[in-house]
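Residue numbers (the working numbering): 149 to 506. Where a beta carbon is used, it is the ideal one built from N, C-alpha and C, also for glycine.
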Amino acid sequence: LWDLVKEMGSVPGSLSIPLLNKVLAMFWKLEKSKAALEVLDKFSEFGCTPDGDSYYLAIQAAGKKSMVGAAWGVCEKMISSGCFPDGEKAGEIVTFFCKGKKVKEAHSVYLAAKEKKVQIPTSSLDFLVGALAKNDETVSMALELLEEYKGESLKHAGKSFAAVIHSLCRMKNVKDAKKLLMRMVNLGPAPGSAVFNFVITGLSKEGEMEDAKDMIRVMESRGLRPDVYTYSVIMSGYAKGGMIDEAHSLLREAKKIYRKLNRVTYHILIRGYCKMEEFEKALECLKEMKKDGVQPNVDEYNKLIQSLCLKAMDWRTAEKLLEEMEGSGLYLKGITRSLIAAVKELEMEEVSKDSQEA
């Protein structure tokens, strides 16, 4: 076929752009990528100038063999020529480069097409924003592209906004993440609970506890109910900052909304009280946990027993907890079990030594 076309091309004016495009389309379907690229290179020799469809077909043909580098070479020619295919096809090119992990190149295609007034579909914009948001160095590009959503498309852009907010929080740029979230609150698209949780988690990790609590109020004002995870994240932030009583207060607030919380919420408090060496409160929290119908597991008992032995030297309470564990069918690791015996033995040695001195 290609030999026939070249023979026809030897006669001036015998070949046209539509005919050559049909040849490109055939080679694309036949997965003859190199042949398609050769056809494109021969356009000028045949007295023809590639149009937007010519570049599109050559790029798609190269993509059949994952020749992303060659496809980008064609794309550069397309951009410099200013000849773009229609919006749907231009969108396919953007998506192709995103899938080929050439997100910066995909971004360049989008901007060049926009400059030529080519309307790329929202689905391709969504794909591009999501791909840019995955990499720290291109998150700023994704953030800028959010300005492209207007009117009806903005209402359905929640996933794209969420991807950027999640990435900003991952990069610890909580300030911009919060700013973008508040923009969603005021202008749309309407944020869901997951987006709030991204920002609340980021604020809590940064120790911005009042801002984190304010986000809960904003959620509630929009008819969204903070889930147990939301409360756990803020409680963890309080506990890490040594504000364990505030964390406990938040637990009580959560209990008014949810009949039963998860084990993590209580574990945060038990660890926090042990860290502050407030063992009585830690034990009370364990009792509260069981009273609320949440069964402690080995982690809670292990943390309490280790803290009681190493910090308070209270082997008696630790031994009672061990008995309680075994009564619940839980098994303590040998190293922690031997710790109780060691502290007990140490105390007995001290008592024996004191009696001998007396």
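Item	Value
Spatial distance of Ala-430 from Ile-392 (CA atoms)	11 Å
Check whether Ser-256 and Ala-281 have beta carbons under 9 Å apart	no
Assumed close pair Ile-488, Trp-463 - CB separation to whole angstroms, cut-off 8 Å	5 Å
Exposure of Gly-475, with buried meaning 16 or more beta-carbon neighbours within 10 Å	exposed
Any non-hydrogen atom of the ligand FMN within 8 Å of Lys-459 CB	Questions concerning the ligand FMN fall outside what the structure shown contains, since it holds no ligand whatsoever.
Pair within 9 Å by beta-carbon distance, Leu-152 and Met-174	no
Cβ distance (whole Å) where Phe-244 is taken to contact Ile-207 below 8 Å	7 Å
Integer Cβ distance of Lys-326 from Val-343, believed to fall under 8 Å	11 Å between Cβ atoms; not a contact.
Segments of 4+ residues assigned as alpha helix (DSSP H) that fall wholly inside the stretch 447–476	463–475
Beta-carbon proximity list for Thr-270, same chain, < 6 Å, skipping 5 on both sides	Ser-301
Euclidean distance between Cα positions of Ser-384 and His-415	10 Å
Other residues of its chain near Lys-403: CB distance less than 8 Å, five sequence neighbours each side excluded	Leu-409, Asp-440
Other residues of its chain near Ala-279: CB distance less than 6 Å, five sequence neighbours each side excluded	Cys-246, Val-251
Residues near Thr-378 in its chain [Cβ-Cβ closer than 8 Å; skip 5 each side]	Ser-341, Phe-344, Asn-345, Ile-348, Ile-364, Met-367
Cα-Cα separation, Val-187 to Leu-259	27 Å
Endpoints, the alpha helix (DSSP H) within which Asp-393 is located	392–405
Cβ pair Lys-180, Val-216 closer than 9 Å	no
Alpha-carbon spacing of Ile-227 relative to Leu-372, whole angstroms	46 Å
As assigned by DSSP and simplified to three states, the class of Lys-282	coil
Cys-246, enclosing alpha helix (DSSP H) - first and last residue	235–247
Span of the alpha helix (DSSP H), counted from its first residue to its last, around Asn-345	341–353
Identity of the residue in Leu-276, Val-322, Leu-328, Glu-498 nearest Ser-352 by Cα	Val-322
9 Å Cβ cutoff met for Ala-338 and Val-312	no
9 Å Cβ cutoff met for Cys-422 and Lys-481	no
Spatially closest choice to Met-424 from Asp-324, Ala-305, Lys-451, Ile-382, by CA coordinates	Lys-451
As assigned by DSSP and simplified to three states, the class of Pro-166	helix
Buried or exposed (CB count within 10 angstroms, at least 16 for buried), Asn-445	exposed
CA nearest to the CA of Ala-184, picked from Pro-160, Lys-213, Asp-375, Ser-164	Lys-213
Backbone CA spacing between Glu-253 and Ser-308 [nearest angstrom]	19 Å
Neighbour-count burial assignment, Leu-399, 16 or more Cβ in a 10 Å radius	buried
Spatial distance of Phe-427 from Glu-497 (CA atoms)	25 Å
Beta-carbon proximity check, Lys-264 vs Gly-239, cutoff 9 Å	no
Backbone CA spacing between Ile-303 and Leu-335 [nearest angstrom]	Just to set this straight, residue 303 is Lys in the shown sequence, not Ile. Rounded to whole angstroms, Lys-303 to Leu-335 spans 10 Å at the Cα level.
For Leu-329 and Ser-288, the rounded distance between their alpha carbons	16 Å
Simplified DSSP state of Ile-268, which is helix, strand or coil	coil
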